[in-house]
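A.B. asks: Protein chains in written order, with the numbering used here: chain A, 155 to 353; chain B, 155 to 353.
Every residue gets a Cβ at the ideal spot worked out from N, C-alpha and C, and that includes glycine.
Quick caveat, the model's predicted, so the values are computed rather than measured.
2 protein chains.
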Amino acid sequence: MAVKDWLPPGVVGVERKLKAGQALFRLGTRTAGLYEVTSGKVRLVRVDPAGREAVLHVAAAGDTIAEASLFSPTYHCDAIATTNAVVRLYPKDALLAQLQSNPSAAQAFMAMLGRQVMSLRTRLEQRNIRSARERVRHYLAVNVGADRRTVVLPGTLKDLAADLGLTHEALYRTLAQMTAAGEIARLRGKIRLIHADLA
Amino acid sequence: MAVKDWLPPGVVGVERKLKAGQALFRLGTRTAGLYEVTSGKVRLVRVDPAGREAVLHVAAAGDTIAEASLFSPTYHCDAIATTNAVVRLYPKDALLAQLQSNPSAAQAFMAMLGRQVMSLRTRLEQRNIRSARERVRHYLAVNVGADRRTVVLPGTLKDLAADLGLTHEALYRTLAQMTAAGEIARLRGKIRLIHADLA
DNA sequence: CGGCGTTTTGAGAGAGCTCAACATCGGTGG
DNA sequence: CCACCGATGTTGAGCTCTCTCAAAACGCCG
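1) My parser needs the alpha helix (DSSP H) runs of 4 or more residues fully inside the segment 310–335 of chain B; what are they?
2) Could you spell out where the beta strand (DSSP E) holding A:Pro257 opens and where it closes?
3) List the residues of chain A whose Cβ lies closer than 8 Å to the Cβ of B:Ala208, in chain order.
4) Taking one C-beta from the segment 270–287 of chain B and one from the segment 199–211 of chain A each time, how about it: are there three or more such pairs within less than 8 Å?
5) Between the C-alpha atoms of B:Gly175 and A:Val290, what's the straight-line distance to the nearest angstrom?
6) State whether the segment 179–193 of chain B contacts the segment 336–343 of chain A, with contact taken as three or more CB pairs (one from each stretch) at a distance under 8 Å.
7) So which residues on chain B does A:Gly309 lean against when the C-beta distance must stay under 8 Å?
8) If the cut is a Cβ gap below 8 Å, which residues of chain B does A:Met264 touch?
9) Between B:Ile338 and chain A, is there a C-beta pair that is closer than 8 Å?
10) Please tell me whether A:Arg346 has its Cβ less than 8 Å away from any Cβ of chain B.
11) Is A:Glu181 close to chain B, meaning its C-beta is less than 8 Å from at least one C-beta of that chain?
12) Is the Cβ of B:Val271 closer than 8 Å to any Cβ of chain A?
13) Within the segment 228–253 of chain B, note down every full beta strand (DSSP E) run reaching 3 residues or more, in order along the chain.
14) In the DSSP output, which residue or residues are listed as bridge partners for B:Thr218?
15) Which value, in whole angstroms, describes the spacing of the CA atoms of A:Thr236 and B:Thr192?
16) Using a C-beta to C-beta distance shorter than 8 Å, which residues of chain A count as neighbours of B:Leu325?
17) With burial defined as no fewer than 16 other Cβ atoms inside 10 Å of the residue's Cβ, what is the status of A:Arg342: buried or exposed?
18) Use the C-beta contact count for B:Glu190: other C-beta atoms within 10 angstroms, 16 or more gives buried, fewer gives exposed.
Structure below.
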């Protein structure tokens with residue numbers, strides 16, 4: 155899912171540094187292209203009529219923003235650096251030209267978008283689950299490895315908690331309960347599912 | 155966002171009726187193409203090691219499923235009709251051929267996917283908000299019309315509540331509170347934002 | 001008019017959040 | 001090697017907010 159996995163050859167990115175609070179682009183301005191966040195965090199926001207920010211997305215290192223802007227003349231929201239950040243701009247015209255002329259590049263791009271849609275829909279569905287325990291179970295079921303037993307944790311439990319939409323305390327407690335119940339076992343950076351009912 | 159807005163010309167869909175509980179496709183089977191749900195509901199699920207279903211997505215009338223399957227030889231989850239349903243299959247090979255040979259079709263498809271990613275990210279961000287009131291505010295801010303005052307409600311309030319991840323009771327109460335506080339006014343099928351602080 | 005789904009309001013309970021304290025681990029520097 | 005420090009991990013206790021269950025008013029359509 156990293157940029158280099160789908161970026162057409164010949165499109166070069168331009169780095170840009172942002173101070174915390176600095177705007178990368180603003181609603182209504184002409185689209186320059188697609189950005190990849192190299193470090194730090196950038197938030198996409200729309201300012202509501204009362205002057206408050208409504209956050210549309212928070213992009214962290216490795217994330218891309220404004221994919222849709224490739225097909226729009228202007229940006230549809232503001233992008234503001236939440237922390238000091240470094241972004242890389244992939245210019246719209248070069249990228250579009252490649253996607254037009256290079257079918258396999260276009261296909262890679264479509265495939266990436268398709269996977270993202272799937273992943274986002276899954277995470278959204280996960281949020282429909284109220285119970286912390288069931289939500290964790292959902293996460294484990296969806297992210298279990300090919301062995302159907304091991305789940306590799308991508309980062310810290312704190313990060314995972316944020317991903318799951320839980321406080322880290324709630325996540326710790328839930329994992330402790332599930333461990334006590336013999337449902338899972340915790341290893342370094344991994345969780346193993348334990349199921350008595352082996353088919 | 156409807157299929158006809160981006161579907162390449164020359165790709166014809168094949169209808170298929172499903173009884174409630176019937177599988178449309180199964181994990182690991184060869185991908186036939188992309189489906190549009192015409193009526194009813196279809197859920198995408200993965201069966202977890204304990205035999206329970208983990209729902210990845212519930213597609214209703216108008217939704218498409220398995221966009222990513224175009225670029226994969228096999229399906230990555232099961233699709234099962236939750237209700238009696240009608241789906242329309244757009245065969246993978248015809249669709250891919252069009253996307254390959256017809257750049258503007260490819261572009262329309264990419265644009266659609268990009269918009270979907272954006273919309274899903276926004277909805278996901280919305281779910282990070284705990285407070286019903288703030289969540290409603292977020293929704294209103296994101297969906298306000300060009301006049302920056304009117305929000306058109308797509309369906310019933312009950313549907314909206316489900317979209318927002320709230321019970322309908324919670325939504326009714328919240329709207330009542332906001333109305334009482336003079337923050338919004340409710341019209342038939344619309345909500346008007348009221349802001350004292352007009353710039 | 002009768003029935004069904006939406007809308008609305010009420011009361012109570014439960015689950016996760018908040019605040020707080022402490023443990024643990026890894027890195028840093030004296 | 002050890003003391004220190006920050007971030008992660010862990011557990012406790014209380015509270016708030018939404019969910020749940022319940023009941024009733026309303027609107028729409030046959």
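C.D. replies: In this structure, then:
1) 311–318, 322–334
2) Taking the first residue of the first sequence as position 1, residue 257 of chain A is located at position 103. Premise fails: A:Pro257 lies in the alpha helix (DSSP H), 257–281, not in any beta strand (DSSP E).
3) The sequence position of residue 208 of chain B within the second sequence is 54, counting from 1. Near B:Ala208 (Cβ distances below 8 Å), the residues of chain A are Arg291, His292, Ala295, Val296.
4) yes
5) By 1-based counting over the second sequence, the position of residue 175 of chain B is 21. By 1-based counting over the first sequence, the position of residue 290 of chain A is 136. Those two C-alpha atoms are separated by around 26 Å.
6) no
7) The residue labelled residue 309 of chain A in the question sits at position 155 within the first sequence. Residues of chain B passing the Cβ test: none, with the nearest at roughly 17 Å.
8) Position 110 of the first sequence, counted from the first residue, corresponds to residue 264 of chain A. Going along chain B in sequence order, the residues near A:Met264 (Cβ under 8 Å) are Leu224, Phe225, Leu253, Ala260, Phe263, Met264, Leu267.
9) Locating residue 338 of chain B in the second sequence gives position 184, counting from the first residue. Not closer than 8 Å to any Cβ of chain A, the Cβ of B:Ile338 fails to qualify, so no.
10) Mapped onto the first sequence, residue 346 of chain A falls at position 192. Output row for A:Arg346: interface = no.
11) Here residue 181 of chain A corresponds to residue number 27 of the first sequence, with the count starting at 1. Note that residue 181 of chain A is Leu in the sequence shown, not Glu. Answer no: the Cβ-Cβ gap between A:Leu181 and chain B never drops below 8 Å.
12) For the purposes of this step, residue 271 of chain B is taken as the residue at position 117 of the second sequence. So yes, B:Val271 belongs to the interface.
13) 232–235, 239–245
14) Residue 218 of chain B sits at position 64 when you count from the first residue of the second sequence. Beta-bridge pairing links B:Thr218 to B:Glu190.
15) Within the first sequence, the letter at position 82 stands for residue 236 of chain A. Within the second sequence, the letter at position 38 stands for residue 192 of chain B. Cα to Cα, A:Thr236 sits roughly 42 Å from B:Thr192.
16) Stepping through the second sequence from its first residue, residue 325 of chain B is reached at position 171. Those within 8 Å of B:Leu325 in chain A number zero; the least Cβ separation is about 15 Å.
17) Reading the first sequence from its first residue, position 188 is the one you call residue 342 of chain A. The residue in question, A:Arg342, is exposed, as its Cβ has fewer than 16 Cβ neighbours within 10 Å.
18) As a working note, residue 190 of chain B is residue 36 in the second sequence. Result: buried.
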